[in-house]
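Numbering (our numbering), first residue to last: 1405 to 1984.
Note that CB positions come from ideal geometry on N, CA and C, so glycine has one too.
Everything on this sheet refers to the single structure shown next.
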Amino acid sequence: MTGSAASRSLLPLPRSVAAGQGTVALHDGSRMHVAPQLRPAARAWARDAAEAHGVDLVLTDEVDAPVVLEIDPVLPAGGYTLTTRRTGTRVRIGAGDLAGAFAAVQTLRQLAGPDGFRRGPVRNAGRIELPVIQVEDAPRFAWRGILLDVARHFLPKADVLRFIDLAAAHHLNVLHLHLTDDQGWRVEIDAFPRLTEVGSWRPTTQVGSWRFPNLDGRPHGGFYTKDDLREIVAYARARGVEVMPEIDVPGHVEAAIAAYPELGVSKKPHQVRTTWGISTQVLDPSEASLDFFRTVVDELVEVFDGPWFGIGGDEVPPHLWLDAPHVVAQAEALGLGSVAELHGWFLGRLAEHVLARGRRPVVWDEGVTEHLPQQAIVTSWRGFAAGVRATQAGHDVVMAPEQVVYLDHRASEREDEPVPVGFARTLEDVYAFEPLPDDVLARTGPVGPGRVLGVQACLWSEYLHDARRRDYAAFPRLAAFAEVAWSPATDRSLGSAAQDEFRARLVDAHLPRLAAAGVEHRPLDGPLPWQQLPGLPGWPIDLAATLAAAGPEGHVGGWHEGNEHGDAGLAAAPADGTPE
Ligand code: ACM
């Protein structure tokens, strides 16, 4: 690839690229001098270079080696410079920190052409050819997340590791692992073995939209051992990605209640849920339930040693609480203004426990109440305003609005989209994602004192039953999201020049990389015949109508609104239920 072609190929787009003339070659055995704290990034590149190009890069103490990775203290966090030359040091990376070096080596991988994404050399083995080029780069957002829902459909460990590789290749740096839900509990807990014995599988599964009663009649299950998860954490960190686990409470807990019925309000035997939609079967918000989940947290902070720990908090219909005298009495004894307030109270207590274990709790935006500790991070999924409001309440926030970045929603208006559920979110819609739109700020007022840490896309898996379906839903829309997360802010609205340029770069340079990596992405003109799922009913939702009905805060999701994740049928539920 020439320098000028290379300068038009990188994705996400760097801050600046200057193309030179000609190319630079590295050979098997090329020496590499690496600052000690950048070693993990050098190792990541060396691994890819060995596999894809048959080139072993060999560490050396010589500072004038052909490849140099050094710290450049003037660069911002996550930033790097990358210079290739035909003489002397051929490849020089200056990195602000390890994160910057990880991004730099991914850029190098892209510069080597699509073959850099293969797992064995197919031509020119023993040689890496790079364009003469100078790149200066740094991330727009510190938190560039992707959620994998491994609860609704289990994703085998090998597929999780592969997905981490793909996330890292797009400069994404947080993997939000949604480990538990109504339909499955996916993590081994020593104190409570029935969570996996009972909660990790179901005898049958709904196929198609939850609004239709089709079951496949086949058992589905799976879970990760603690060592599997330690491996996932280490594998991700070795590629510049931090794993954020999520144990979702006090809603989305039917699998846990199936394993331990005493966690439920009724205490009666229960089944792992086999259908989608929002469940009214939430936790008994008792001290005993709190202690149970404190133990779960205690076991998992030994596995997930990163800075954050997700405890959920989304979609908690209070129906059962309102009918249970002991729960009503608890709300009264606590002096809460309503029974529904037990949601925030429960989450707040568990968040305090997470803090006591040295982690920052992460909750969905429904979890913002006076009970939530200030240090908790909030993921804004029901639109944009909830996130801005959370910053105003002092919380740091990650923007993940369902109406733009839920990549499980259908990718076009076509009827042959596989399980055409939810809002139609095209590649262009995702590329146009602006995390802090002016019209929202005009309504809410400015951000702060909490900060917007970044953005996150979500791959919920009700309709993504295996890795191939996840590939289809994620790509190439995740590439568009990654550019929003990483590259400088610019006008990416529909019809903008940036949209045209992105599409050309995607088609010419990035789709060939994804193909080389074996990603079965959605073709831009629609699904291939074998990517369609004829006969599985969807439930398309009109975004404009949903937004029009959403009210002044523009919330598009949640149990009381009704969307693809919600259930409009629950809207008949009682209001807050003030205790007598
Ligand atoms: C969510 O989509 N219920 C966070």
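Residue range of the unbroken beta strand (DSSP E) whose run includes Leu-1552: 1547-1553
Buried/exposed call for Gly-2007, threshold 16 Cβ in 10 Å: Here the chain has residues from 1405 to 1984 only, and residue 2007 is not among them.
Cβ contact (3+ pairs, closer than 8 Å) linking the stretch 1577-1593 and the stretch 1603-1611: yes
Nearest-angstrom Cβ-Cβ length linking Pro-1416 and His-1574, presumed shorter than 8 Å: 7 Å
Nearest-angstrom Cα separation, counted from Val-1834 out to Val-1809: 6 Å
Cα-Cα separation, Val-1707 to Ser-1420: 39 Å
Limits of the beta strand (DSSP E) - the one that Ser-1693 falls within: Looking at the DSSP string, Ser-1693 is not in any beta strand (DSSP E); the run it does join, the alpha helix (DSSP H), is 1691-1704.
Asp-1820 - partner residues in DSSP beta bridges: None, per the DSSP bridge assignment.
Distance cut-off 8 Å: Asp-1718 Cβ against heavy atoms of the ligand ACM: yes
Unbroken alpha helix (DSSP H) run spanning Gln-1734, endpoints: 1729-1737
Whole-angstrom distance between Phe-1558 and Val-1772, CA atom to CA atom: 29 Å
Any non-hydrogen atom of the ligand HEM within 8 Å of Thr-1783 CB: The ligand HEM is not among the ligands present in this structure, which contains only the ligand ACM.
Cut-off 7 Å between Cβ atoms - residues of its own chain near Leu-1868, not counting five sequence neighbours on either side: His-1557, Asp-1812, Arg-1874 and Ala-1877
Proximal residues to His-1674 (C-beta, below 8 Å), its chain only, five neighbours per side dropped: Glu-1658, Ile-1661, Ala-1662, Pro-1665, Gly-1668 and Gln-1685
Residues of its chain near Met-1405, where Cβ-Cβ distance is below 6 Å and the 5 sequence neighbours each way are ignored: Gly-1517 and Pro-1535
Close Cβ partners of Phe-1750 (< 8 Å) along its chain, the five nearest in sequence each way excluded: Val-1653, Pro-1654, Leu-1687, Pro-1689, Ser-1693 and Leu-1694
First through last residue of the alpha helix (DSSP H) which encompasses Ala-1831: In the sequence under discussion, the amino acid at residue 1831 is Leu, which differs from the Ala named in the question. 1831-1835 is the extent of the alpha helix (DSSP H) around Leu-1831.
Per-residue DSSP class, three states only, for Arg-1496: strand
Contact check, Gly-1854 vs Gly-1798, beta carbons under 9 Å: yes
Same chain, Cβ closer than 7 Å to Arg-1490, neighbours up to 5 away in sequence not counted: Gly-1426, Val-1428 and Val-1536
Closer than 8 Å: Tyr-1867 CB and nearest the ligand ACM heavy atom: no
Exposed unless 16 or more other CB atoms sit within 10 angstroms - verdict on Pro-1729: exposed
Residue interval of the alpha helix (DSSP H) (run including Glu-1455): 1443-1457
Where Ala-1977 sits in the DSSP three-state scheme: The predicted model places Ala-1977 with a pLDDT of 43, which falls under 50 and marks its position as unreliable, so this point remains unresolved.
Length at least 4, wholly inside the stretch 1848-1905: the alpha helix (DSSP H) runs in chain order: 1871-1878 and 1881-1890
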